[in-house]
Structure formats: C-alpha cells, structure tokens
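Engineer: Numbering (my numbering), first residue to last: 169 to 450. Ideal placement from N, C-alpha and C gives every residue a C-beta, glycine not left out. Take this structure, written in structure tokens, and hold onto it; I'll ask about it next.
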Amino acid sequence: MSEAPAAPQAASADGIGLLLQAPRPRAGWRLLPARVGAMCAVELQKLRHDRTELYTRAVQPALWLLIFGQTFTRIKAIPTDGIPYIDYLAPGIIAQSAMFIAIFYGIQIIWERDAGILNKLLVTPTPRSALITGKAFAAGVKSLVQAVVVVLIAAVLGVALTWNPLKLLGVAAVVVVLGSAFFSCLSMTIAGIVLSRDRLMGFGQAITMPLFFGSNALYPLSVMPGWLQAVSKVNPLSYQVDALRGLLLGTPAHLAPDFAVLLVAAALGIAAASSLLGRLAR
169 MSEAPAAPQA ASADGIGLLL QAPRPRAGWR LLPARVGAMC AVELQKLRHD RTELYTRAVQ
229 PALWLLIFGQ TFTRIKAIPT DGIPYIDYLA PGIIAQSAMF IAIFYGIQII WERDAGILNK
289 LLVTPTPRSA LITGKAFAAG VKSLVQAVVV VLIAAVLGVA LTWNPLKLLG VAAVVVVLGS
349 AFFSCLSMTI AGIVLSRDRL MGFGQAITMP LFFGSNALYP LSVMPGWLQA VSKVNPLSYQ
409 VDALRGLLLG TPAHLAPDFA VLLVAAALGI AAASSLLGRL AR
C-alpha cells in the first residue's frame, strides 16, 4: 500500500525534468527542410495565381538586353575578350533581376509582423535561423523563376548560352539561389534595423544601383578605376556574375572561390537576419 504512489511520483519527476530541460537544438533543425519546402511552395502558389509580377519584372531585363546590350555590341566600346557584348551582359542581367527581387524581400517580413503572423511563427519550436533560411530560399525560388524568363529572352536574342544540364543545375541551385538568399537576408537585416516598410524601400533603392554598378555586371574589372575595383572585390554580386559567366558562357572564371564567397555571404546573412528577427516582433 505504501509503495503504490511511487510510480506517479517518478513519472511526475520525469515530467518536470522534461519541462525544465532545454530542447536539443538538433530537433529544430529537423524542421528546416519542411519549413523551406513550405515557404517555397507558398511563393510558387503566388506566382501561379498571379503572374502579373512575373511579366512586369521581365520588362526591365528585356530593355537592358534589347537596348543597352545591342547598342554597346554595335559600338564595341567595352572590351569583352572577343565575345559579343550582349552575351557578356546577359549573365549580369540575370544576377541583377534576381537581386532586385530579393533586395525588397524584407517588406514581406514587416508585413507579416504588422499582420501578427511573425509573432505566431516565433512561438513555434522552429529556430529563428530556420525561419530566416526558409524565407531566404523561398526568395531564391522566386528569383529562379525570373532568371528562367531572362534566359529565354536572351536565347531569343541570339545569346550563345550553354544548355548543358549540369551547368544549368549549377546556375539554378548554387548561383541564383545562393545569391538571392544573401540579398534577401540583407533586406531582412535592414528590416530588423529600420522596422518600417517606407524606410526599407528607401534603403533598398539606395543600395541596389550601387551594388549593380559597383560589380562586374556591365563591364570587366580591368576598365574600372582602382577604388571601384576595390568595391567590386567585396561585392557578392561580382562573384555571382563571375560564376554565371563561367557556367553559361564558358568564359574563364573562378567557380570554387565564387561558390565559397556566395555560401559564406548567405550564411552570414542568415545569422545577421536571425539575430534581428526578435527586434521586429517587439
């Protein structure tokens, strides 16, 4: 009779121990693939139901290739090592169009905060870094759809792009997605600092063109002044464009360093955005 309560007491002690014990970090990371897949599916659903954004965003890269690319191909003002300038320009426009989508991705997370969605996400067992990673790679999928549109436009204009499946897979899975992940995390980091959609729009517009013109998207490093070369060498967009040219055109590139820089930049972007996510929810 006196030993009967022993089992409930042991169970109660174990239950208290489980409540007081911090969950293992690995348990949250197990949810990462599902979180990334779910957010990517949401982005694709948006594109499927409303293709207006896809069409309107295709106008600007088309104009760059049609007007800027064909004009400078004729006047031959920029040295491109013997390849037509429009071919040289196409990878830069792919990177540009992907960046322009990702750099304003922080607006979405501010909207989620205003709608109360962010607070609900933060109370789930999923780590903040997993939430940011999911959003970053969702931006990558959205940018990838845009990149396909630009590639098709370039092909119609006669740009000599490779159709090697392995190289295209490298373009899709590594270069465009990783680059977009970094720029979307940069946007979400800025969102965590400025806390306002209007301010984020201002910062986004202020940094997009310097990032674009301060890279090798339009011209090689050799024609830049020294100070701009220094800026280009610390600009992740330059490494993204270099890898795209190497994969799509077969020009000399530094693929391993390019991939390494993009991977490190994306990881640092995820860490920075994750650290500021709680500030958005206050």
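(1) Taking valine 345 as part of the alpha helix (DSSP H), name the residues at either end of that continuous run.
(2) Who are the Cβ neighbours of serine 124 in its own chain at under 6 Å, not counting the five residues just before and after it?
(3) Quick check: the Cα distance between glutamine 373 and isoleucine 271, rounded to an integer number of angstroms?
(4) Just tell me which of Gly237, Phe351, Leu290 and Ala328 has its CA closest to the CA of leucine 415.
(5) With DSSP run on the structure shown, which of helix, strand or coil describes leucine 329?
(6) Assign serine 406 to one of two classes, buried (16 or more other C-beta atoms within 10 Å of its C-beta) or exposed (fewer than that).
(7) With a CB to CB cut of under 7 Å and the five nearest residues on each side skipped, what residues in its chain are close to phenylalanine 427?
(8) Would you identify the three-state DSSP class for alanine 272, choosing helix, strand or coil?
(9) Tell me, please, whether the stretch 374 to 385 touches the stretch 261 to 269 by the rule of three or more beta-carbon pairs shorter than 8 Å.
(10) Can you say whether valine 318 is buried or exposed, counting buried as having 16 or more other CB atoms within 10 angstroms of its CB?
(11) Taking glycine 437 as the reference, which of Thr220, Gln397 and Lys303 has the closest Cα?
(12) Would isoleucine 458 pass as a contact of alanine 421 if the rule is Cβ separation under 8 Å?
(13) Grouping DSSP H, G and I as helix and E and B as strand, with all else coil, what is alanine 421?
(14) Excluding five sequence neighbours on each side, which residues of the same chain lie with their C-beta closer than 8 Å to the C-beta of arginine 281?
(15) Taking arginine 367 as the reference, give the member of Ile278, Lys335 and Ala323 with the closest Cα.
(16) Taking the alpha carbon of alanine 206 as the point to measure from, which residue in Ile243, Val429 and Ala298 has its own alpha carbon closest?
(17) When the Cα atoms are used, what is the spatial distance from leucine 430 to threonine 241?
(18) From this set, Leu417, Leu320 and Ser311, which residue's C-alpha is nearest serine 348's C-alpha?
(19) So, are the CB atoms of glycine 260 and alanine 340 less than 8 Å apart?
Structural biologist: Checking against the coordinates, here is how it stands:
(1) 345 to 362
(2) Residue 124 is absent from the structure shown; the chain starts at 169 and stops at 450.
(3) 9 Å
(4) Ala328
(5) coil
(6) buried
(7) Val342 and Ala411
(8) For clarity, residue 272 is phenylalanine in the given sequence; the question names alanine instead. Coil.
(9) yes
(10) buried
(11) Lys303
(12) The displayed coordinates of the chain run from 169 to 450. Any statement about residue 458 would go beyond what the structure contains.
(13) coil
(14) Asn287, Leu448 and Ala449
(15) Ile278
(16) Ala298
(17) 30 Å
(18) Ser311
(19) no
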